[in-house]
Structure formats: structure tokens, C-alpha cells
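Engineer: Counted from 1, the sequence shown has number 149 at position 149 by my numbering; the numbering is strictly sequential.
By construction, the Cβ of each residue, glycine as well, lies at the ideal position given by its N, Cα and C atoms.
Predicted model, so just to flag it, every value in this text is computed and none were measured.
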Amino acid sequence: MRNRFGSTTPISITTVLIRPATNADCDEILKIFREIVVAGDTYAFDPKMSREEALAYWFRADTHTYLAEKDGGVVGTYILRPNQSGPGSHVANAAFMVAPKAQASGVGRRMAEHCLSEARRMGFRAMQFNFVVSTNTRAIHLWKLLGFEIVGTLPGAFRHPEKGFVDVYVMFRSLLED
Ligand SMILES: CC(C)(COP(=O)(O)OP(=O)(O)OC[C@H]1O[C@@H](n2cnc3c(N)ncnc32)[C@H](O)[C@@H]1OP(=O)(O)O)[C@@H](O)C(=O)NCCC(=O)NCCS
Numbered sequence: 001m002r003n004r005f006g007s008t009t010p011i012s013i014t015t016v017l018i019r020p021a022t023n024a025d026c027d028e029i030l031k032i033f034r035e036i037v038v039a040g041d042t043y044a045f046d047p048k049m050s051r052e053e054a055l056a057y058w059f060r061a062d063t064h065t066y067l068a069e070k071d072g073g074v075v076g077t078y079i080l081r082p083n084q085s086g087p088g089s090h091v092a093n094a095a096f097m098v099a100p101k102a103q104a105s106g107v108g109r110r111m112a113e114h115c116l117s118e119a120r121r122m123g124f125r126a127m128q129f130n131f132v133v134s135t136n137t138r139a140i141h142l143w144k145l146l147g148f149e150i151v152g153t154l155p156g157a158f159r160h161p162e163k164g165f166v167d168v169y170v171m172f173r174s175l176l177e178d
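So this is what it looks like as C-alpha cells:
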């Protein structure tokens with residue numbers, strides 16, 4: 001039988017599956033978390049933070065934690081939660097981590113689209129990223145593609161391992177319309 005490209009050669013289409021994370025996923029998530037935090041160029045986390053501290057952050061009580069799987073392996077994780085409590089809780093915050101070996105292959109985009117859809121489903125009215133390092137061009141490209149705008153700049157707020165003190169952006173988008 002011919003496939004949609006007119007060829008009879010079988011085509012392997014790998015899809016990224018996104019699902020809520022469970023306690024059984026902690027080790028896989030921590031592996032990705034550590035690789036990204038140790039690189040030190042995207043998040044302001046202490047690279048020496050303990051397993052307990054990392055899990056407490058990623059699985060905080062008000063947080064929805066998700067996992068991305070591809071070919072049966074864990075390739076990414078993201079969290080979604082209120083950016084503030086009380087009168088600020090209608091604005092969501094999210095954070096994303098794709099395993100270094102799986103980066104730049106569409107996993108981040110897939111997770112971010114899923115996240116926006118989940119945030120809408122939960123009734124959030126907007127989403128805010130509080131700490132986007134200005135040298136993180138891939139993330140900034142992706143967030144702009146998905147409708148986020150830079151609404152503020154924190155001068156020199158991040159100490160990059162190679163570039164020194166660099167700016168940090170606050171990025172925001174409404175979820176009320178597309
Ligand atoms: C940022 C991150 C989540 C993006 O996920 P990803 O799976 O690597 O990215 P994707 O493959 O979905 O690609 C995103 C887009 O960026 C583009 N891109 C890739 N590398 C790029 C680069 N160096 N500069 C600019 N754009 C780039 C891709 O082409 C794609 O755009 P397109 O759909 O228009 O082609 C991921 O790289 C990551 O976890 N990085 C480390 C942690 C991090 O930075 N988290 C976000 C903190 S704000």
C-alpha cells in the first residue's frame with residue numbers, strides 16, 4: 001500500500017506522548033533536571049541542589065507536572081502552576097526541560113502547546129514566564145512563536161557561565177484569545 005508520500009517504503013512516524021508525571025517518573029525527571037541545571041545557562045537553580053529539593057520544586061503541591069515520551073523513553077518534562085497565589089492565581093506559570101540529546105527536535109514545542117491547552121482547560125487567563133535568560137535564543141524563539149511577548153527586562157539578572165552577567169526577560173501572553 002502506498003503511504004501519503006506516494007512511496008511504498010514504510011515510514012516511521014514517532015510521536016511525542018505527553019502525560020501527567022507520577023512518583024514512578026522521579027528518577028527520569030531528575031536525570032533531565034540535573035543535566036540542565038548543571039549546564040547552568042538557562043535556570044537560576046543551584047547545581048548542587050539535592051534530589052529532595054529538586055523534586056520538592058518540580059512536584060510542589062500547587063503544581064501539575066507532565067512528562068514527554070518518545071519511542072518509549074522520557075525526553076522532557078514541564079510544570080504548570082499559578083504564578084502567584086490569591087488574586088494573582090489566574091495567571092499561570094510554567095517551566096520546561098527537554099533532555100539535551102532530544103533538544104531541537106520539536107519536543108519543547110509539543111510540550112508548550114500542550115501546556116497552553118492545559119492552562120486554558122484549567123481556567124487560567126494568562127501565562128507568565130518570570131525568568132527567561134536573554135541568551136536562550138531557542139526558548140525565546142519558541143515563546144514568541146507561541147504568542148508570548150517580552151514585557152520586561154531585568155538588567156544583568158543572570159550570571160551566565162561563559163557570557164557573564166546577562167539580561168533576563170519576563171514574557172507574557174493572554175489565554176483569552178488566540
Ligand atoms: C528551550 C527548550 C524547552 C525548547 O525545546 P526544544 O525541544 O529544544 O525546541 P524545539 O525543537 O521545539 O524548537 C523550538 C524552535 O526553536 C528553533 N530553534 C532551535 N534552535 C534554535 C536556536 N539556537 N536559536 C533560535 N531558534 C532555535 C527551532 O527551529 C524551533 O522553531 P521552529 O518550530 O520555528 O522551527 C529546550 O531546548 C530546553 O529544555 N532547553 C533547556 C532548558 C530551557 O531553556 N528551558 C526554558 C527556560 S525559559
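#1: Sort Ala126, Asn136 and Asp167 by Cα distance to glutamine 84 and report the nearest one.
#2: My guess is that glycine 147 and arginine 173 are in contact by the Cβ rule of under 8 Å, so how many angstroms apart are they, rounded?
#3: How many angstroms separate the CA atom of isoleucine 36 from the CA atom of valine 151?
#4: Flag threonine 137 as yes when its Cβ comes closer than 7 Å to any non-hydrogen atom of ligand 1, and as no otherwise.
#5: Go ahead and pull the three-state DSSP assignment for aspartate 27.
#6: Grouping DSSP H, G and I as helix and E and B as strand, with all else coil, what is alanine 21?
#7: As an exercise, report each continuous alpha helix (DSSP H) stretch of at least 4 residues that is fully enclosed by the stretch 114–173, in chain order.
#8: Per DSSP, what are the beta-bridge partners of alanine 68 in this structure?
#9: Using CA coordinates, which residue listed in Ala24, Arg120 and Val133 is at the minimum distance from phenylalanine 165?
#10: Once the 5 residues before and after alanine 119 are set aside, which same chain residues still bring their CB inside 7 Å of it?
#11: May I ask which residues mark the beginning and end of the beta strand (DSSP E) holding alanine 56?
#12: Short of 6 Å in beta carbon distance, which residues of its chain neighbour leucine 17, apart from the five on each side in sequence? Order them along the chain.
#13: Let me make sure I understand the geometry here. Which of Tyr57, Val98 and Met49 has the alpha-carbon closest to that of glycine 73?
#14: Ligand 1 heavy atoms versus the CB of alanine 104: any closer than 7 Å?
#15: Is it the case that the stretch 96–116 contacts the stretch 44–54, given that we only count it when at least three CB pairs across the two stretches are under 8 Å?
#16: Bridge partners for asparagine 93 per DSSP, in chain order?
#17: Straight-line CA distance for methionine 171 to phenylalanine 129?
Structural biologist: For this structure:
#1: Taking the sequence shown and counting its residues from 1, the one referred to as residue 84 is at position 84. The shortest C-alpha separation from glutamine 84 is found at Ala126.
#2: The sequence position of residue 147 within the sequence shown is 147, counting from 1. The sequence position of residue 173 within the sequence shown is 173, counting from 1. The pair is a contact, with the Cβ atoms about 5 Å apart (cut-off 8 Å).
#3: Taking the sequence shown and counting its residues from 1, one reaches residue 36 at position 36. Taking the sequence shown and counting its residues from 1, one reaches residue 151 at position 151. Near 25 Å, if we compare the C-alpha coordinates of valine 151 and isoleucine 36.
#4: Position 137 of the sequence shown holds residue 137. Checking the Cβ of threonine 137 against ligand 1 gives yes.
#5: On the sequence shown, position 27 is the one that residue 27 refers to. In the structure shown, aspartate 27 sits in a helix (DSSP, three-state: H, G or I).
#6: In the sequence shown, the residue the question calls residue 21 occupies position 21. Residue state, collapsed to three classes: coil.
#7: 137–145
#8: What you label residue 68 is simply residue 68 of the sequence shown in a count that begins at 1. Per DSSP, Ile18 and Gly76.
#9: Here residue 165 is taken as the residue at index 165 of the sequence shown, counted from 1. Ranking the options by Cα distance to phenylalanine 165, first place goes to Val133.
#10: By one-based count along the sequence shown, residue 119 stands at place 119. The answer, listed in chain order, is Leu80, Ala92, Met127 and Leu175.
#11: One-based indexing of the sequence shown puts residue 56 at position 56. Run containing alanine 56: none in the beta strand (DSSP E); it sits in the alpha helix (DSSP H), 51–58.
#12: Indexing the sequence shown from 1 puts residue 17 at position 17. Excluding sequence neighbours, leucine 17 sits near Glu69.
#13: Against the sequence shown, residue 73 aligns to sequence position 73. Nearest option by C-alpha distance: Val98.
#14: For the purposes of this step, residue 104 is taken as residue 104 along the sequence shown, with counting starting at 1. Yes, the beta carbon of alanine 104 sits closer than 7 Å to at least one heavy atom of ligand 1.
#15: no
#16: Your numbering for residue 93 matches position 93 in the sequence shown. Note: asparagine 93 sits in a beta bridge opposite Arg81 and Gln128.
#17: Residue mapping note: residue 171 aligns to position 171 of the sequence shown, counting from 1. Residue mapping note: residue 129 aligns to position 129 of the sequence shown, counting from 1. Whole-angstrom Cα-Cα distance: 5 Å.
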